[in-house]
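K.L.:
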Amino acid sequence: MQRHVRRITFAAATAVAVLAITALCGAASARAANLNHYYDFSSGITDLAGTQNGTLLGGATVSGGVLNLAGSGQYAEFATAIVPTAGSYSVALFARGNAVQGGYTELISQGNSGGPGFYIGTDAGGTLIRATDSWVATGVAFGAPGLWTHYALVVDAGANTAKLFVNGSLAALLPQAIVTTSGGSPTRLGRQFAPYNEFFNGAIDEVRTYDGVLTPTEVLALAAVPEPAAGALLAAGLAALALKVRRR
4 MQRHVRRITF AAATAVAVLA ITALCGAASA RAANLNHYYD FSSGITDLAG TQNGTLLGGA
64 TVSGGVLNLA GSGQYAEFAT AIVPTAGSYS VALFARGNAV QGGYTELISQ GNSGGPGFYI
124 GTDAGGTLIR ATDSWVATGV AFGAPGLWTH YALVVDAGAN TAKLFVNGSL AALLPQAIVT
184 TSGGSPTRLG RQFAPYNEFF NGAIDEVRTY DGVLTPTEVL ALAAVPEPAA GALLAAGLAA
244 LALKVRRR
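For what it's worth, the working numbering labels the leading residue of the sequence shown as 4, then goes sequentially.
1. State buried or exposed for V86, treating a residue as buried only when at least 16 other CB atoms are found within 10 Å of its CB.
2. From L177 to G117, what distance separates their C-alpha atoms?
3. So, V143 versus A102, is the Cβ gap smaller than 9 Å?
4. D159: which of V222, Q179 and A95 sits nearest, CA to CA?
5. Would the beta-carbon of I181 fall within 9 Å of that of A206?
6. Could you tell me whether the Cβ of L110 comes closer than 9 Å to any Cβ of chain D?
7. Where do the N-terminal and C-terminal ends of the alpha helix (DSSP H) with V222 fall, by residue?
8. Identify, in the order they occur along the chain, each residue of the same chain with its Cβ nearer than 8 Å to the Cβ of H40, setting aside the five sequence neighbours on each side.
9. By the three-class DSSP mapping on this structure, what secondary structure does Q179 have?
10. Between the C-alpha atoms of L225 and G171, what's the straight-line distance to the nearest angstrom?
11. Kindly indicate which residue of T58, A63 and A89 has the alpha-carbon position closest to the one of F202.
12. Terminal residues of the continuous beta strand (DSSP E) containing G205?
13. If you scan the region 64-119 from start to end, which runs of the alpha helix (DSSP H) of 4 or more residues do you find wholly inside it?
14. Applying the criterion that 16 or more other CB atoms from any shown protein chain within 10 Å of the CB defines a buried residue, is L150 buried or exposed?
15. Could you pull the start and end residues of the beta strand (DSSP E) that G124 belongs to?
16. Could you check where the beta strand (DSSP E) with S188 kicks off and where it finishes?
17. Is it the case that the Cβ atoms of A98 and G61 are separated by a distance below 9 Å?
18. Helix, strand or coil for T135? Go by DSSP, reduced to three states.
19. For A165, report the span of its beta strand (DSSP E) as first-last.
20. Take R191 and list the residues in its own chain whose beta-carbon comes closer than 6 Å to its own, dropping the five residues that flank it on each side.
21. Starting from N37, follow its DSSP beta bridges and name the residues at the other end.
22. Does the distance from the C-beta atom of S46 to that of V65 stay below 9 Å?
23. Terminal residues of the continuous beta strand (DSSP E) containing D159?
24. From this set, A33, G57, T135 and A227, which residue's C-alpha is nearest F44's C-alpha?
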């Protein structure tokens with residue numbers, strides 16, 4: 004089963020149903036999230052929601068429905084910034100490290116240092132999450148090597164908060180709506196903005212950026228979709244079972 008045709012789990016389906024009921028009842032008070040850009044890496048770095056396709060650089064590859072990065076110069080770059088820099092916005096993605104990162108690394112970035120710059124990545128030890136220049140000490144652990152982990156940063160200008168979700172659960176809250184610079188480097192996946200050579204060693208998938216606020220239910224639905232390895236194992240298991248049944 005390819006990553007881009009993964010089935011939603013029961014938890015995700017339930018979350019989507021609850022979301023629909025909430026929307027119909029008009030219970031949400033924050034600005035609803037509008038998907039601006041979406042990349043599932045089923046065919047290069049093609050924007051499935053907008054028009055901002057990306058470019059592979061330094062030997063980065065796309066295969067098996069994911070962006071593959073070796074941590075030594077490989078990254079993807081866009082022609083412009085795809086993450087909103089003010090107001091309410093949300094960013095969500097899956098990442099899997101090949102090893103403990105061992106230093107500053109970035110899953111996604113744009114802007115410039117002190118701009119303030121935007122990024123989601125790791126601290127100097129490679130074990131804790133940093134989320135922009137305004138939130139370098141989240142205190143939240145980065146995902147274990149070899150495991151797909153879902154990260155979402157949700158900035159709510161109305162509530163003046165920023166929330167960091169890991170695998171669909173709220174992990175940290177900042178009492179500030181994070182604003183970042185519109186200048187500097189365009190959006191990059193797997194590398195920090197110029198001039199820093201902070202590269203991610205692993206894989207990235209299901210990158211989404213939004214105007215507006217993702218609700219906890221929406222974040223849960225995004226995180227509940229099976230990661231690639233699980234999807235592939237499930238497909239292989241089902242195929243083997245079907246073959247066994249046919250042979251009886």
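Even glycine gets a Cβ: it sits at the ideal position worked out from N, Cα and C.
P.N.:
In brief:
1. buried
2. 18 Å
3. no
4. From the listed residues V222, Q179 and A95, the smallest Cα separation to D159 is found for Q179.
5. no
6. No chain D appears in this structure, which consists of one protein chain only.
7. P219 to A227
8. Within the same chain, Cβ atoms closer than 8 Å to the Cβ of H40 are found at D50, A52, G53, Q55, I85, V210, R211 and T212, the five residues on either side in sequence being excluded.
9. Here Q179 sits in coil by DSSP.
10. 8 Å
11. Measuring C-alpha to C-alpha distances from F202 to each of T58, A63 and A89 identifies A63 as the nearest.
12. N204 to D214
13. none
14. exposed
15. F121 to T125
16. S188 to L192
17. No, Cβ-Cβ distance for A98 and G61 is not below 9 Å.
18. coil
19. T164 to V169
20. Y78, E80 and S112
21. The partner list for N37 (beta bridge, DSSP) reads D214.
22. yes
23. It spans T152 to D159 - the beta strand (DSSP E) in which D159 sits, taken as one unbroken run.
24. G57
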